[in-house]
Every structure is written in structure tokens, then in C-alpha cells.
């Protein structure tokens, strides 16, 4: 242990600008579930954009570093999610993500062939994360004009360098978790990552893991930039099924592990426990903890903080197992101000209508939202039927960006800037027709249907409390991801449900029947026609009967004219 | 083909067909009926089997520990229902919430076109309560529906108890891959219709409903529970949906497989084992069945709660395991018994044999029209062989369809007028108006062609009959494809009548036979026949009253749920029958 520490010191002296932080936020939810959010941040001060060959990697994973330099990536955001975030029960997540896989990338403006680079990048990422990202092609890639702005520094807003794609069908499992864990400097050997045992993480109501890479400022003057790699993992545990209704949780119960040490490479390693809703929490271990207040998503929360880098956190047992019991939940959860849902209306296999409902629960403030819808080409949107209504009145969007689809080439892209009136529901409807595919384009017979990815709603939601706009101050990681520009509002991105649509599917046993039928028809029909065309017709000499012939012979002998 | 391209042989074939037309028709009719009868014979039918591998009846838990609690919940529900005098909405919401579901309500209201005397309702207002059990780690794309109607009186309390018991049990399991919606609906089918329309945001029947707040993706399958007693002996499977829609056969098979596995008697249409045809064509719409954009099936008279409900758990579990849409197995079938089924390929020939009679008659008429019998050697007859007047054929067609339209529209339009002038209730007024229009159709002017073209021509009725016969063949063919029972019963009565009616038959006798074989009389006989099959025979008066209520139910089902039987009979079958009536009285 001592040796490792010395080594670390030595390395830190020679290369002082690498930094690794880890933290875990645990928030008991009003519904009786527990939300656990891991964040790992690796900072790396280097610049491999200006032709520098970088071959020395320390904390930053080499596989990702090479990807960034090879494909000239400016920003990369990738998430894998299993389950749907229930905003109305759980509130806003720290890191929003849609069900399935999501990937969006800003390229450097030096890239000439963006589509080609994107194609290669998705294939490489598919290998790194063991996911089906190679299914991302031009038919599910869009270039949003306003919804996805760079989160790091840089003023590139030309959306030619942006690519966005989702795979709503993607299933996330341990095979995706393992490569994700390998990107961490300590792997899953030490630090918070030891808690990430897949048998527990996937025995949950929601699971989401993400990787975000972006350039950030090193200091407040922004003289030097560094690369930030954030790895986040969000899990919601359902204590109703496992806890028999008892309001109690512990690290061991959730993860079947306890903590024994921080990651030795981490400069900071902390556990935050949200105690705002449950002031009368009783802890099992009487460990000294710090209480801090932080403003997260427009709400002032109180956290009790455990610093894993301090030895006395682990107590005499040399292991940390936090256990909290609380009484039944009192008071209502702060209702999220923005909420959205989406569904397909209508039945049958010809037409349908996509309804997107957006709820603004703010009692007196209206605010604008950006809605992004990317619909596959095989749903033919009738854009003239697009209606936006709130409170029974037509609500004209102030900005619409629509890119029609091209069959088998690109999807529909619809972006709108809509003002949501206070305390209202805004409904966006658009009708569509289901296309007939070519017969090789259908999925194999056993299928659920065709998936349409979530729509994305990005908004600056008015905040109840003043937001922290100082981006350089030391803050918990979970509250510092989305940069905050003004005090009165905060940025929220929410995703709606993906849709499952059935397309008119022919009965694929039919070709056999059709072949049989056409063969019969051709054989019989063509045969008889050919027969008629080639046969030479003659007037048939009636063949006289035997009696008549004998009679005629006799008549000829007698010299009388024969019978007709 | 060689046969047809050779004029001599063609002539011979046509001669044969026209000469032996009547015997061939008779043989076809008998063969068709015999074929249909044969479907009940077990060696001729297929054994049921599971097509879908994911739904095999293995690997399921076979116990449901909370049976007693479900019964207690049922009793509690009954008490609250009595106190609230209807659906105890608040209690249901609270109970579902305490079981960890996301609970929503939907209000609906509907004014019936005329008061329903069977169920004593006119202005219907109600509330549906449903709770969604969100599947962990599933993105809300698929849902299963489990529903129990909240019936008036003491019926069905146990079903609601069982539903809530299942909700509690399911909530504690982790393996759900699809959202499960637990729905308690008021006013049975009207509530169900309102909920389904709300869920799919369509409005096809004019119900007022409040929009739904929560959804669970596209509905993959649904089960409906009806359970009215704590201890009952057997489970009955009700498959028929609206307009003869049937659920995927795998659902029924799965249910039967579970019943067999646990040794519970399972019946279909109340008949346990003996093969028995579902001869309820016209009745299909009159029975309370579940309908909607998806096929539904109701299961009522469930076995004792404690032991039987794991069959539902199993069923739900298996549906949960489905990795695909229910696309395998059969959607068109008849079930003589639970262990056997008749697929569409086996039962359609029975109908085909009946339909071929109409085609043979049409061929016969066509030949007669094309080669007029040489009557006289002089040319005067040839001059009279002018092409048949279009008007003389068109007029009866238009008149009979107008009568049909009147039969469809007037009963409901003029019920207020009828109630003013006659001492009857609204429902009676509607039914009696319908019967009056139906009867009045018989007395319509049948010889309009004489006004138009002076003298009726022998040719003209042949043309009219040719058209009528083809019309009927197409009509019955389409009906039988969609709803075999209805199509077959109509064919059984209408085809012989259509085949042999000409103006030259004895008028009185033929008219009597035609009336007996008309759709309304068929319905009347079926009412008696059905009662007989149920082993509750009725007297003629009761049967007549039942007949009247069946008609009013048919009209109500059409306007409430979009059942197609009434418009089909009024707008198509009845006018078609009138054409033949017209031919009979052709002068």
C-alpha cells in the first residue's frame, strides 16, 4: 500500500495534470425506490488535435484516446440504457438518457468527410462497447440544428459536424458493462467501482451507463484546455420487491459488496447521500460525515458526504457499509416542472398518429422547449397534419426545422421551438402512413414490431432557487455536467418513450402459394393458348357411318348418286 | 383447357351442366351440409397444439399464495360497492396505489339511441379505474391487459378481488418484460369500449371519454376475468369477439393446457367434452362478448380462487415471455371441443359447396340468355329478342336497397314519433318499426318494369335473377370469410331459396317457403334452437319476446360497439332477399 502511494506521488510529480475523481450519489426516492448514480471523471491535459502524436497514456483510457485523435472527435456522448426513467415518480435524473443506445458526436471542423468518419467511428465504438452500434447508418442518423449543442468549450455551432443517432431496440447487459468498467483507471478492483456487480446492477428497475468526452477549461481563465472523460452509471433499485415494504437500505443490500478503500489513483472519492426528504434518517454506523448543500436541477438539496480518501471513514471494521432506515415518506415529492409522454393513436395497419404530450407544471411561468423528433422513413409523416395545441388553442411554434425523409436513405427530422404556457399540456400530433417494405427489408418473422426512437425535449426550465453559475468552483460532479449560464433557470433534457409500431407485413408463407398458383395458371393458360396458336385448323370431313358407307358402295355400283 | 378451347366439347360440357343442373345443385347442397356435419367427427379434425415455443406450458410457478387474501379483497370490494351504490372509485384507486401501481381513472358517458330494457340503462355515465404495473428495465413499448368488469349487483366481486390479489403478487416479482395493466371497468362493454378508444385515441362509436393519463405501449394480449362465486367447479372459455373475431388459437390452447395440467374442468361455451358446433351465427352479436380493436377473451365461472388463479399467473407469465407478436398459429378456426379445432382450410369447403350452387345457377341462366330457345321458325321472335331493358332490372335493385336503407335508418329516427302515436316504450317502438318496415317491404310494387316498358319480357326476370344470384354469392362469400358461422347459416337458408325461385313456381307455396327462409325467420328459429341447445326450452310467447329483445340488442350493439350484423342484414342481405321476392311475383 505504501509502495503504491509512493509510486503515485512520483507519477503525479512528473505529469501533474492528470486527474481522476469518483463519486456516488444515493437518493431515496418518494416512490420507495433508491436511485444510485456513479460518476467518474478523468481529466487529461493534452492536445492531440494539432497534429501531435500522443502515445503516453496514464489515467485516460488508450482506446478512447486513440478514437478521439484518429476520428478528430470534438465531443462524444454515448449512453446505453435499459428501462425508462419515470419522471413523474422519480423526478429528474442527473444524467438523462433514452431507452436503448444513444450516440451523438461533434467532429472537428477539420473533418472533410463527416459521414464516412461517422460510419467508421460507429463501427469502432461498436467493438469497444460490445454493442450493436454498427447498425447506425444513414437511415437512423440525423443532424439536429438546435437540440444538441456542444457541452464543452468551443464555438462550433455548424451542425454539419454533428451526428445524432439512437438505437431504441438495443438491449444492455453485462457484456456492455465489462468494457465500460475497463475504461476506469482502477477497473473494478478498487474504489467505488467494486460495487458494480452485474448481478445486482441488472436486478433493478432502471440501468443506464454512459460515456461523455468533451474538452473543458483547465482554469477560470481558460488558458489551457483539457479533455474530460465522464463515465456515469445510474441505477434505480426497486426496494418494493426486495425489501418487503421496509424503508431501509444499505450498500451491502443494494450491491452485495461493501467498500474498503478509495481508488488509489483518485484525487477525490466521495459518497453523497441525499437526506433532504428524510431529515430524520437513522444511520447504523455513527460515522462522522459532512453536510453540504448543493443546488441540483432547480432544487436545493442537502447531502451528507462521506470522503473515502480519509481513513477514519472506514472505522475500525476497515469496511464501509452505509445503512439508512427512515420512517414512511411524508410530504409530496417536488413535482418535476416538465414532463412528456408519447404514444401512437389509431389502430389498423394503414395509418396512425403520433401524439406527443408535454406538461408544464410551473404555476405561473411559461418557458420555451426544443422538441426533436427523428422518425424512420417507413413511417411517412404527413407534415401538413402537424398540429401544436395547448389549452385548446393553436400554439404556433416559433421555429420549425423539418427535413423530409428519403426512402431507405435518411429519416424524418423535425425540430420545433414551442412555448409551453404555464400549468398546461401541449399536444403535438402528426399523422403518418405505414410504408410497405421490400420483402428483404422485413425483420425475421419473430419480431415485436418496428421501433421509433424517443423524441428529445431540451429546455431551460425556470428555477425555484438561484442556480450556481460559477463553473470553475469546486462542485460535486453530478451537479456540474450541464453548464449553467444564468441563475434563474437550469437546463433539462427529457426523453419520451420509444414507440413500437407494426407495419403491414405480408404472410411470408404466401410466396410458396403464389409460386404454385402462378405455375398452374401459366401452365394451363399458356398451354392452351399455345395450343390454339400453333394448331392448324381444318374442316373435318365427317366420317360417314358404316351402314351409310355400305349403302353408298351399293349405290355407286347401281350408278345412283351417293347419300350425303 | 383443351376441354374449353374445343367448341364441341365445351358445348357438351355446358349441355351437361344445364341438363343436370338441378341434381348437381341438390348433391352439392347435401354434400355441403354433410361436410359441415363431418367437422364434428373427431378423426376429421386436427388436435390443438402450441405453435409458439415461448408459450409452452413448462417452467412456470404453480402456486399462488394469496388466494385467501384475494377472496377477502373481493368481499371488501363488495362492501364498498354496496356503500357507494356503484363503482367504488376512491377505494379502488387507494387500493391499487397501496399495491404499488401507477393508478389512473377515466370518465366516460354515453347516451344510448334508445333505452336498453334488458340492462335498464339509457344515459350511461361511469368511471374506469386502471393501474399500471411498470415492467422493470422495459421501455414502455408493450403491455398486457388484465381486466375485470365491475358488474351491478353481487356479480363479479371475486374477479375484482382476484385482480387486486394478482396485482399485489405480480408487483413483487422482478421478471416482467411488458407492462401489465389492471383494469376495472364499469358498465361492462361500454366501459371497455371507452377505455380502448381512449387508449388508442380514436372515436368510432361516439362515446364521450376523458383522455387517458398513462399508457403502456401497444397492447399485445388481454385477458378478462369473470368470477361470481367463491367456489365453482369449472372454467369456461369464451372466445368469440365482435363480428366473429377470434383470438389467436395459441391463447386458447395455452389456457386449456394449464387446465389439464392442474386437473380443472375446462369448458367451451358451457359444453365440456362432447363435440358441438357453434351454431350461433346471428347470435354472435347478441351475446355479451368482448370486443374492440384487439381480440379479447373472457373467462368466467372460474374455479376456486385459491387453486385456480395460478393458471392466470401462468398465462400472464407466458405472455410476458413472448419475444414476438402473436403471429403464429391460427386466427381463423372453429372449435368443436377444446382439444380439437377445425382450421379454415377444412371448414371452407362446406361453404364452398353451398356457394357453388349459386354459381351453377348463374351459369345456367347465362347459357339460357346467350342461346335463346328457338321458339318459332319465323323472324318475328328474333325481333323481340331485343336487349333487356336496363331500367327494368335497375328499378327493383334500387327499390329493394331503398327499403333496406329505410330498415336501417328509420327505426331509430322515428322512435319519438312512434312513441307519440302508439302506447309502446321506446325500445319496443324501435323493434316494432323495424319489423313493420321489414314486412312492408314484401308489399312493394314488384312490377315496375311493366310501367316502364309496357310488357314484361321473359328475358328480363332471367337477367334480374342472374344479377341477384351473383350478388348473393359475393355477399355470402365475403361474410363467410369474415364470420364463418354467420355466413354458413345464411347460406344454408338462402341458397336453396335463391336457386329454385322463378316466376313459374306455384305462388302461394313458394311465397310461404320464402318467408320461412327469410333472414328474420331464420333469426327467430335460431332463438328457439339456441334455447334448446342450452337446455332451457321456451314457450312461443317467451321466444317471441326473446326474439324482439335480440333485435333491439342487435341494433344497440351496432350503435354502441360497431357490430356489423344489423347493417349487413338491413343493407345487404334483406335487399338481396327482396330481389328474389320480386322475381317470384314477376309477371
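Protein chains in written order, with this note's numbering: chain A, -1 to 562; chain B, 123 to 709.
Ideal Cβ positions, reconstructed from N, Cα and C, are used throughout, including at glycine.
As an exercise, report each continuous beta strand (DSSP E) stretch of at least 3 residues that is fully enclosed by the stretch 260 to 291 of chain B, in chain order. Entirely contained in the stretch 260 to 291 of chain B, the beta strand (DSSP E) runs reaching 3 residues are, in chain order, 264 to 272.
Applying a beta-carbon distance threshold of less than 9 angstroms, which residues of chain A neighbour residue 260 (chain B)? Near residue 260 (chain B) (Cβ distances below 9 angstroms), the residues of chain A are 80, 81, 82, 97.
If the cut-off is 8 angstroms on Cβ atoms, which residues from the stretch 204 to 231 of chain B count as contacting chain A, listed in chain order? Listed by position along the chain: 222, 224.
Classify residue 482 (chain A) as helix, strand or coil using the three-state DSSP reduction. In the structure shown, residue 482 (chain A) falls within a coil segment according to DSSP collapsed to helix, strand and coil.
Could you round the C-beta distance between residue 250 (chain B) and residue 313 (chain B) to whole angstroms and report it? I think they count as a contact, below 8 angstroms. At roughly 5 angstroms, the Cβ-Cβ gap stays under 8 angstroms, so residue 250 (chain B) and residue 313 (chain B) are in contact.
Quick check: residue 464 (chain B) and residue 266 (chain B), are their CB atoms within less than 8 angstroms of each other? In this structure, residue 266 (chain B) does not lie closer than 8 angstroms to residue 464 (chain B) by Cβ.
Beta-carbon neighbours of residue 498 (chain A), restricted to chain D and to distances below 8 angstroms: Among the chains of the structure shown, chain D does not appear; the protein chains present are A and B.
Roughly how many angstroms lie between the CA atoms of residue 287 (chain B) and residue 454 (chain B), to the nearest whole one? In a straight line, the C-alpha of residue 287 (chain B) is about 34 angstroms away from that of residue 454 (chain B).
Backbone CA spacing between residue 376 (chain B) and residue 316 (chain B) [nearest angstrom]: Approximately 29 angstroms, taken between the alpha carbons.
6 angstroms Cβ shell around residue 368 (chain A) - same chain, five flanking residues per side excluded: Leaving aside the five residues that flank residue 368 (chain A) on each side, the residues in its chain whose CB is nearer than 6 angstroms to its CB run, in chain order, 144, 145, 415, 456.
Quick one: what does DSSP say residue 410 (chain B) is sitting in, helix, strand or coil? Low confidence applies to residue 410 (chain B): its pLDDT is 29, below 50, so where it sits in the model is not reliable enough to give any reading.
By the criterion of Cβ-Cβ separation under 7 angstroms, what are the contact partners of residue 205 (chain A) in chain B? Contact note: residue 205 (chain A) reaches chain B through 259, using a C-beta cutoff of 7 angstroms and chain order.
What residue does the beta strand (DSSP E) around residue 246 (chain A) start on, and which one ends it? From DSSP, the beta strand (DSSP E) with residue 246 (chain A) extends over 246 to 248.
Short check: CB of residue 151 (chain B) to CB of residue 618 (chain B), under 8 angstroms? Taking C-beta atoms as the reference points, residue 151 (chain B) and residue 618 (chain B) count as a pair closer than 8 angstroms.
In the stretch 580 to 608 of chain B, which residues sit with their C-beta less than 9 angstroms from some C-beta in chain A, listed in chain order? Cβ contacts with chain A come from no residue of the stretch 580 to 608 of chain B.
Chain-ordered chain B contacts of residue 343 (chain A) [CB-CB under 7 angstroms]: Those are 322, 323, 324, listed as they occur along chain B.
Can you find at least 3 beta carbon pairs, one from the stretch 693 to 705 of chain B and one from the stretch 367 to 375 of chain B, that sit closer than 8 angstroms? Segments in contact, no.
At a CB-CB cut-off below 8 angstroms, which residues of chain B make contact with residue 246 (chain A)? In chain order: nothing, as chain B lies at least about 17 angstroms away.
Can you give the Cα-Cα distance for residue 555 (chain B) and residue 657 (chain B), rounded to whole angstroms? Each residue's Cα considered, the two are about 32 angstroms apart.
Identify the residues that DSSP records as bridge partners of residue 253 (chain B): which are they? Residue pairing by DSSP puts residue 253 (chain B) in a beta bridge opposite B:225, B:304.
Enumerate in chain order the residues of its own chain whose CB-to-CB distance from residue 298 (chain A) is below 7 angstroms, with the five nearest sequence positions on each side excluded. For residue 298 (chain A), where only same-chain residues beyond five positions count, the Cβ hits under 7 angstroms are 291, 463.
With a threshold of 16 other CB atoms inside 10 Å of the CB of residue 437 (chain A), please say whether the residue is buried or exposed. With fewer than 16 other beta carbons inside 10 angstroms of its own, residue 437 (chain A) counts as exposed.
State the Cα-Cα distance for the pair residue 363 (chain A) and residue 474 (chain A), rounded to the nearest angstrom. Whole-angstrom Cα-Cα distance: 29 angstroms.
Secondary structure of residue 600 (chain B), DSSP reduced to three states: Annotated three-state conformation of residue 600 (chain B) is helix, per DSSP.
In the DSSP assignment, find the unbroken alpha helix (DSSP H) run with residue 150 (chain B) in it and report its ends. The continuous alpha helix (DSSP H) containing residue 150 (chain B) extends over residues 143 to 160.
Compute the Euclidean distance between the alpha carbons of residue 172 (chain A) and residue 227 (chain A), then round it to the nearest angstrom. Answer to the nearest angstrom: the Cα atoms are 21 angstroms apart.
Residue environment, residue 163 (chain B), which counts as buried when at least 16 other CB atoms sit within 10 Å: Looking at its Cβ environment, which holds fewer than 16 other Cβ atoms inside 10 Å, residue 163 (chain B) is exposed.
List the residues of chain A that residue 191 (chain B) touches, going by C-beta distances under 9 angstroms, in chain order. Going along chain A, no residue has its Cβ under 9 angstroms from residue 191 (chain B), so there is no contact; the nearest lies around 15 angstroms.
Starting from the Cα of residue 170 (chain B), find the closest Cα among B:188, B:255, B:229, B:456 and give me that residue. Of the listed residues, the one whose Cα sits closest to residue 170 (chain B) is B:456.
Span separating the alpha-carbon of residue 395 (chain A) from that of residue 98 (chain A): In this structure, the CA atom of residue 395 (chain A) is about 29 angstroms from the CA atom of residue 98 (chain A).
Rounded straight-line distance, which links the Cα of residue 608 (chain B) to that of residue 675 (chain B): CA-CA distance, residue 675 (chain B) to residue 608 (chain B), rounds to 17 angstroms.
For residue 243 (chain B), collect the residues of the same chain with a Cβ closer than 8 angstroms to its Cβ; drop the 5 residues on either side in sequence, then sort them by chain order. The residues are 234, 237, 309.
Do you know offhand how far residue 480 (chain A)'s Cα is from residue 487 (chain A)'s? In this structure, the straight-line span from the alpha carbon of residue 480 (chain A) to that of residue 487 (chain A) is close to 12 angstroms.
First and last residue of the alpha helix (DSSP H) that includes residue 677 (chain B)? Residues 662 to 683.
Among A:485, A:410, A:522, A:193, the one whose alpha carbon lies nearest that of residue 36 (chain A): Distance check between residue 36 (chain A) and each of A:485, A:410, A:522, A:193 places A:193 closest, using alpha-carbon atoms only.
So residue 259 (chain B) and residue 95 (chain A) are supposed to be a Cβ contact under 8 angstroms. How far apart are they, rounded? About 13 angstroms separates the beta carbon of residue 259 (chain B) from that of residue 95 (chain A), a gap too long to meet the 8 angstroms contact definition.
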